[in-house]
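**Student:** These protein sequence lines are chains A and B, in that order.
Heads up: the first sequence begins at 53 in the working numbering, then just goes up one per residue.
Heads up: the second sequence begins at 158 in the working numbering, then just goes up one per residue.
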Amino acid sequence: MDAVTSAPARIILICSGKGGVGKTTLTANLGIALARLGERTVVLDADFGLRNLDLLLGLENRIIYTAQEVLAETCRLEQALVKHKQEPNLALLPAGNPRMLEWLTPDDMQRIVAMVAERADFVLIDCPAGIEDGFKNAAAAAREAIVITTPEVSAVRDADRVIGLLNTRGVAPVQLVLNRVRPKMMASQEMLGVDDVTDILALPLVGLVVEDEQVIVSTNRGEPLTLNGNGSPAAKAYQNIARRLRGEDIPLEDPSKTRKGLRARLMNKIRKTTGLF
Amino acid sequence: MTLFDFIQRLLGRQKPSGTMAKERLQLVLAHDRSDLNPELLEQMRREILEVVQRYVEIDIEEGDVSLETEDRVTALVANLPIKRARPLPALVAAAAAVGMAQAPDAEAPQELAVPLASEPTEESSTAKSD
Ligand SMILES: Nc1ncnc2c1ncn2[C@@H]1O[C@H](COP(=O)(O)OP(=O)(O)OP(=O)(O)O)[C@@H](O)[C@H]1O
Ligand SMILES: [Mg+2]
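As structure tokens, this is what we get:
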């Protein structure tokens, strides 16, 4: 193992506060994208009560052990890590199985992540929704975080709570992904804009993912969009996030300002010329 | 956006919902972050106005004390238009009341108790002292 020579692993928590905003989808796509860029990546499903990451990665039939057995020393870490067939740089580690809801503590989390980090460049932790114990456990070992939200009031409010908690824990940097962006609605100001959300949350934006039907298709198949060079807008967005995380400078463009709907464009013109609203 | 909404907005009768979302969020987050509920904020507002009133005459109707937040820093912002300063004796008494100076011929302390609406001033200002 080349653990001694390589830089310490980046341990990144993927969290949101509100449920269903796209944490698991981001974790799966980012995991694949980073692996394809040559990074040894482990995705850890900390949402083991309602685990889904295996399903999104198409690995649901290959899980035998979990972090729990590793910590209990009933199996070795290598046995519990589920390697992705097409992308061997990526491995999945479920934190536990749904039948054992009570076992994980922040201390367990730190131990398992320390073990995994020895053999990885990136460890992505898929956090459960909420800010209770599940969040605290998942966050226990995180060094940095990505907060994902959608441009909706409730999701942004919950994201703000989570950011506050991450700040008090000293997790840094914390970066933002804005998911399910609808450029037309944003252009006509019927949705919180990109700048609105970044102003309010005061976080650097690391990615913008538009609402994209392909996300659903890929979930059905258990093949993340980033796996097969799919050229869909969301696939590109996830790839760009992976590259920005590695330090590449890839400009972010606000899709609501580049592809305005006809009506939105008209509205803006009228607004400017009349100063009415 | 329906055609009706579109016309409403053209006529300037309705704000776009995205703008409303931002305004509502800014308000609710200021409260979330400071852990002050609207009731506590209102009590604080009353007490602040009360203190300021001892020194200057302010326009209560126009007075505004609110939480504003920018870059995750929440600030208490007060905008209190001043009508005029209070006469000197009242000022001296106000200073004496907070222990800043011994007023040589202080007026009766009742003078500086400026009741706010129907609230008993003494009670609301001591209630929160900690
Ligand atoms: N950019 C997108 N475009 C379209 N659909 C999306 C997009 N991102 C996520 N979704 C859909 O939103 C749903 C929730 O996504 P996901 O499971 O990743 O959220 P989550 O935050 O992990 O949820 P939970 O809090 O339950 O763990 C899924 O059905 C997913 O397909
Ligand atoms: Mg999830």
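In this text, a Cβ means the ideal position worked out from N, Cα and C, and glycines have one as well.
In the DSSP output, what is Val231 of chain B paired with across the bridge?
**Tutor:** Against the second sequence, residue 231 of chain B aligns to sequence position 74. The sequence shown places Thr at residue 231 of chain B, not Val. According to DSSP, Thr231 of chain B bridges with B:Thr226.
**Student:** Less than 9 Å between CB atoms is the rule here; does Lys240 of chain B satisfy it with respect to chain A?
**Tutor:** For this step, residue 240 of chain B is matched to residue 83 along the second sequence. Chain A, which has no Cβ nearer than 9 Å to the Cβ of Lys240 of chain B, makes this no.
**Student:** In three-state DSSP terms, what is Arg171 of chain A?
**Tutor:** Counted from its first residue, the first sequence places residue 171 of chain A at position 119. Here Arg171 of chain A sits in coil by DSSP.
**Student:** What does the shell around ligand 1 hold, if a residue joins when its beta-carbon is under 6 Å from any heavy atom?
**Tutor:** In chain order, the residues positioned with their C-beta nearer than 6 Å to some heavy atom of ligand 1 are A:Ser68, A:Gly71, A:Gly72, A:Val73, A:Gly74, A:Lys75, A:Thr76, A:Thr77, A:Asp99, A:Asn104, A:Ala181, A:Asn231, A:Arg232, A:Val261, A:Glu263, A:Asp264, A:Val267, A:Ile268, A:Thr271, A:Ala286.
**Student:** When the distance is taken between beta carbons, is Val175 of chain A closer than 9 Å to Arg62 of chain A?
**Tutor:** Walking along the first sequence from the start, residue 62 of chain A turns up at place 10. Walking along the first sequence from the start, residue 175 of chain A turns up at place 123. Result yes, Cβ atoms of Arg62 of chain A and Val175 of chain A sit closer than 9 Å.
**Student:** Could you please tell me which residues of the region 187-219 of chain B, in chain order, have their CB closer than 8 Å to any CB of chain A?
**Tutor:** Asp189, Arg190
**Student:** Tell me, please, whether the CB atom of Met238 of chain A is closer than 9 Å to any CB atom in chain B?
**Tutor:** Position 186 of the first sequence, counted from the first residue, corresponds to residue 238 of chain A. Yes, because at least one Cβ of chain B sits closer than 9 Å to the Cβ of Met238 of chain A.
**Student:** Contact criterion: CB-CB distance below 9 Å. Does Asp221 of chain B meet it with respect to chain A?
**Tutor:** Translated into the one-based positions of the second sequence, residue 221 of chain B becomes position 64. Asp221 of chain B does not count as touching chain A.
**Student:** At what residues does the beta strand (DSSP E) containing Ala242 of chain B begin and finish?
**Tutor:** Mapped onto the second sequence, residue 242 of chain B falls at position 85. Segment 239-242, the beta strand (DSSP E) holding Ala242 of chain B.
**Student:** Put Thr310 of chain A into one of helix, strand or coil per three-state DSSP.
**Tutor:** The sequence position of residue 310 of chain A within the first sequence is 258, counting from 1. Three-state DSSP puts Thr310 of chain A in a helix.
**Student:** Per the contact definition of three or more C-beta pairs closer than 8 Å, is the region 200-208 of chain A in contact with the region 162-173 of chain A?
**Tutor:** No, they do not touch.
**Student:** For a contact defined as C-beta to C-beta under 8 Å, what are the partners of Thr176 of chain B on chain A?
**Tutor:** Translated into the one-based positions of the second sequence, residue 176 of chain B becomes position 19. Within chain A, the residues near Thr176 of chain B are Gln241.
**Student:** Whole beta strand (DSSP E) runs in the region 55-140 of chain A with 3 or more residues, listed along the chain?
**Tutor:** DSSP runs (the beta strand (DSSP E)) wholly in the region 55-140 of chain A: 62-67, 93-97.
**Student:** Would you check whether ligand 2 has a heavy atom nearer than 8 Å to the C-beta of Leu109 of chain A?
**Tutor:** The count along the first sequence starts at 1 and reaches residue 109 of chain A at position 57. Leu109 of chain A Cβ: outside cutoff for every heavy atom of ligand 2.
**Student:** Taking the beta strand (DSSP E) that Val226 of chain A falls in, what are its first and last residues?
**Tutor:** As a position in the first sequence, residue 226 of chain A is number 174, starting the count at 1. Here the beta strand (DSSP E) through Val226 of chain A covers 226-233.
**Student:** Does the Cβ of Leu332 of chain A lie closer than 8 Å to at least one heavy atom of ligand 2?
**Tutor:** Because chain A spans 53 through 329 in this model, residue 332 of chain A falls outside it and cannot be assessed.
**Student:** With a Cβ-Cβ cutoff of 9 Å, do Ile164 of chain A and Leu65 of chain A count as a contact?
**Tutor:** In the first sequence, residue 164 of chain A corresponds to position 112, counting from 1. In the first sequence, residue 65 of chain A corresponds to position 13, counting from 1. Contact flag unset, no.
**Student:** With a 10 Å radius around its C-beta and 16 neighbouring C-beta atoms as the bar for buried, classify Asn113 of chain A as buried or exposed.
**Tutor:** Your numbering for residue 113 of chain A matches position 61 in the first sequence. Answer is exposed; the Cβ neighbour count stays below 16.
**Student:** Hey, would you say the C-beta of Val122 of chain A is under 8 Å away from at least one heavy atom of ligand 3?
**Tutor:** Looking for ligand 3 in the displayed structure turns up nothing; the ligands present are ligand 1 and ligand 2.
**Student:** What are the residues of the region 185-216 of chain A that lie near chain B, defined by any Cβ-Cβ distance shorter than 9 Å?
**Tutor:** Listed in chain order, the positions of the region 185-216 of chain A with a beta carbon within less than 9 Å of a beta carbon of chain B are Pro203, Glu204, Val205, Val208, Arg209, Asp212, Arg213, Ile215, Gly216.
**Student:** Looking at the strands, I want to know which residues DSSP matches up with Ala197 of chain A.
**Tutor:** Position 145 of the first sequence, counted from the start, is the residue given in the question as residue 197 of chain A. Under DSSP, the beta-bridge partners assigned to Ala197 of chain A are A:Leu65, A:Val226.
**Student:** Taking CB distances under 9 Å as the criterion, tell me whether Arg243 of chain B reaches chain A.
**Tutor:** The sequence position of residue 243 of chain B within the second sequence is 86, counting from 1. For Arg243 of chain B, the answer is no, since every Cβ of chain A falls outside 9 Å of its Cβ.
**Student:** Looking only at its chain, what residues have a beta carbon closer than 7 Å to the beta carbon of Arg243 of chain B, apart from the 5 residues adjacent to it on each side?
**Tutor:** Position 86 of the second sequence holds residue 243 of chain B. Correct list, in chain order: Tyr212, Val213, Glu214.
**Student:** Is the shortest distance between the beta-carbon of Asp251 of chain A and the beta-carbons of chain B less than 9 Å?
**Tutor:** What you label residue 251 of chain A is simply residue 199 of the first sequence in a count that begins at 1. Asp251 of chain A counts as touching chain B.
**Student:** For a contact meaning CB atoms closer than 9 Å, what does Leu184 of chain B contact in chain A?
**Tutor:** What you label residue 184 of chain B is simply residue 27 of the second sequence in a count that begins at 1. Contact of Leu184 of chain B with chain A by beta-carbon distance below 9 Å is absent, the smallest such distance being about 11 Å.
**Student:** Could you say which of A:Ala254, A:Met237, A:Glu204, A:Asp185 lies nearest to Asn219 of chain A if we only look at CA atoms?
**Tutor:** Taking the first residue of the first sequence as position 1, residue 219 of chain A is located at position 167. Its Cα nearest to that of Asn219 of chain A, the residue A:Ala254 stands out among A:Ala254, A:Met237, A:Glu204, A:Asp185.
**Student:** Using only CA atoms, which one of A:Gly101, A:Phe187, A:Pro146 lies nearest to Lys70 of chain A?
**Tutor:** Locating residue 70 of chain A in the first sequence gives position 18, where the first residue counts as 1. If you compare the alpha carbons of A:Gly101, A:Phe187, A:Pro146 with that of Lys70 of chain A, the shortest gap goes to A:Phe187.
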